[in-house]
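J.: Count along the sequence shown starting at 1, add 38, and that's the number in our numbering.
The structure under discussion is supplied below as structure tokens; questions concerning it will follow.
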Amino acid sequence: MRVSVDCLAVALSRAARTAIAIIAQLPLCALAAGFGALQPIAPGVFVQRGADEAPSTANRGAVANLGVLVAPSGVIVVNTGSSAEQGAALLAAIARLTDRPVVLAIDTQASPDQVLGNVAFRARGIPVLAHRATEAFMREHCDTCIADVKSTADNDALDVTKVAWPSRLIDGSQSIRAGGRALRILHYGWTERPGSLAVLDPETGVLFAGNLASFGVVPQTHLGRLDKWIAALGELQALSPAIVVPGHGPPGPAAQLAQMRGYLQELLDGVRAAYQRGDGLMETVNSLQLPGYRNWPLYDTNQRRNVHFAYLQVEQDDLQK
């Protein structure tokens with residue numbers, strides 16, 4: 039079944055036709071349900087929760103939190119989802135919530151579960167903002183990222199999902215205004231990965247931390263610079279946000295940033311201690327456990343890999359002295 043243009047409400051610009059053709063292949067039900075409700079967390083601020091688990095066919099790769107801010111004259115979206123299907127479904131959910139137009143989407147980092155929905159937004163002519171390093175990372179890696187996602191979360195939506203690049207690039211922290219709303223875009227260098235951003239809404243005190251934060255879920259750290267990431271979490275906590283929306287896990291108070299920071303610090307300290315003892319890479323991977331986080335989802339999935347890449351980082355830092 040093809041989705042009507044009326045249903046999609048897409049502006050038929052020549053530049054958007056290719057992406058529209060892709061989205062038009064999505065089943066109608068994909069635009070109406072299946073990815074969770076928009077949950078209010080502050081006046082005019084909503085979150086669509088991702089599953090606290092690894093990407094799979096069952097969850098369609100929708101494992102990241104997506105944010106929606108309904109501003110006086112337009113809507114801002116923080117991260118667009120894991121596929122064209124999820125991006126279109128999010129736009130449909132917003133249309134049911136408000137008649138205000140979506141005026142901006144923000145990619146907080148180049149993670150497939152958060153940027154592969156870009157195509158649905160660009161098809162409607164909605165600008166997508168990201169750090170310049172995020173676009174560079176996408177261009178270097180996203181030729182294979184859809185295939186990588188399909189290897190664990192195969193579904194029909196990925197067959198019609200294409201990579202859509204950000205259209206508005208920034209080089210560092212700055213204040214912006216969109217939809218009549220002032221926002222602070224925060225960048226702390228190479229932290230969780232190159233180009234990672236957080237978004238603060240001063241009006242409500244809501245902080246969208248992106249993958250800089252993962253609450254109660256063991257993060258993937260293989261692309262991170264742990265020292266800078268730990269420092270960035272301290273900077274975010276110092277902002278005293280009223281509520282933090284992490285990239286993964288439930289929204290929570292700013293104090294939970296300290297728990298995330300604690301995980302990264304214990305990981306780094308444990309690896310450094312093993313390296314200084316002369317323990318080898320695989321010995322450290324096989325032996326280093328963080329019992330305080332064992333009950334967090336994805337501990338068994340991510341812990342060994344996190345140790346592996348932390349060890350390589352510590353080793354590289356030592357060799358560069």
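Glycine included, each C-beta is placed from N, C-alpha and C at the ideal position.
If you count every other CB in all the chains shown that lies within 10 Å of the CB of residue 103, and 16 or more means buried, which is it?
T.: In the sequence shown, the residue the question calls residue 103 occupies position 65. Classification of residue 103: buried, given that the 10 Å Cβ count is 16 or more.
J.: Along the chain, where does the beta strand (DSSP E) that runs through residue 247 open and close?
T.: Walking along the sequence shown from the start, residue 247 turns up at place 209. Taken as a continuous stretch (DSSP letters only), the beta strand (DSSP E) holding residue 247 covers 244-252.
J.: Smallest Cα separation from residue 243: which of 234, 333, 115 and 222?
T.: Here the question's residue 243 lines up with position 205 in the sequence shown. The option with the nearest alpha carbon to residue 243 is 222.
J.: Using only CA atoms, which one of 309, 147 and 334 lies nearest to residue 265?
T.: What you label residue 265 is simply residue 227 of the sequence shown in a count that begins at 1. Here the closest residue by C-alpha is 309.
J.: Suppose you measure from the CA of residue 127 to the CA of residue 254; what does that come to, to the nearest Å?
T.: For the purposes of this step, residue 127 is taken as residue 89 along the sequence shown, with counting starting at 1. For the purposes of this step, residue 254 is taken as residue 216 along the sequence shown, with counting starting at 1. Roughly 27 angstroms between the two C-alpha positions.
J.: Are residue 233 and residue 341 touching if we call contact CB-CB under 9 angstroms?
T.: In the sequence shown, the residue the question calls residue 233 occupies position 195. In the sequence shown, the residue the question calls residue 341 occupies position 303. Taking 9 angstroms as the Cβ cut-off, residue 233 and residue 341 do not qualify as a contacting pair.
J.: Taking the DSSP output, what are the residues bridged to residue 80?
T.: Against the sequence shown, residue 80 aligns to sequence position 42. Paired residues: 83.
J.: Starting from residue 105, trace the beta strand (DSSP E) in both directions and tell me its first and last residue.
T.: Working through the sequence shown from its first residue, we reach residue 105 at position 67. 104-108 is the span of the beta strand (DSSP E), which, as asked, contains residue 105.
J.: Where does residue 396 fall in DSSP's three states?
T.: The requested residue 396 is not part of the displayed model; the chain covers only 39 to 359.
J.: On the CB-based measure, 16 or more other CB atoms within 10 Å of its CB, does residue 332 come out buried or exposed?
T.: Residue numbering aside, residue 332 sits at position 294 when the sequence shown is read from its first letter. The residue in question, residue 332, is exposed, as its Cβ has fewer than 16 Cβ neighbours within 10 Å.
J.: With a cut-off of 8 angstroms on the beta carbons, I'd call residue 281 and residue 291 a contact; round off their distance for me.
T.: Within the sequence shown, the letter at position 243 stands for residue 281. Within the sequence shown, the letter at position 253 stands for residue 291. So it is a contact: roughly 7 angstroms between Cβ atoms.
J.: In or out: residue 81 buried (at least 16 other Cβ within 10 Å) or exposed?
T.: Here residue 81 refers to the residue found at position 43 when the sequence shown is read from its first residue. Exposed: under 16 other Cβ atoms inside 10 Å.
J.: With respect to the alpha helix (DSSP H) encompassing residue 294, which residues constitute its N-terminal and C-terminal limits?
T.: Numbered from 1 along the sequence shown, position 256 holds the residue referred to as residue 294. 294-315 is the extent of the alpha helix (DSSP H) around residue 294.
J.: So if DSSP puts residue 134 in a beta bridge, which residue, or which two residues, is it bridged to?
T.: As a working mapping, residue 134 is identified with position 96 in the sequence shown. DSSP lists no partner for residue 134.
J.: Considering only residues of the same chain and omitting the five flanking positions on each side of residue 312, which have a CB-CB separation below 8 angstroms?
T.: Translated into the one-based positions of the sequence shown, residue 312 becomes position 274. Excluding sequence neighbours, residue 312 sits near 321, 322, 325, 326 and 349.
J.: Do three or more CB pairs link the segment 157-167 to the segment 119-137 at distances below 8 angstroms?
T.: Taking 8 angstroms as the limit for Cβ pairs, the verdict is that the segment 119-137 does touch the segment 157-167.
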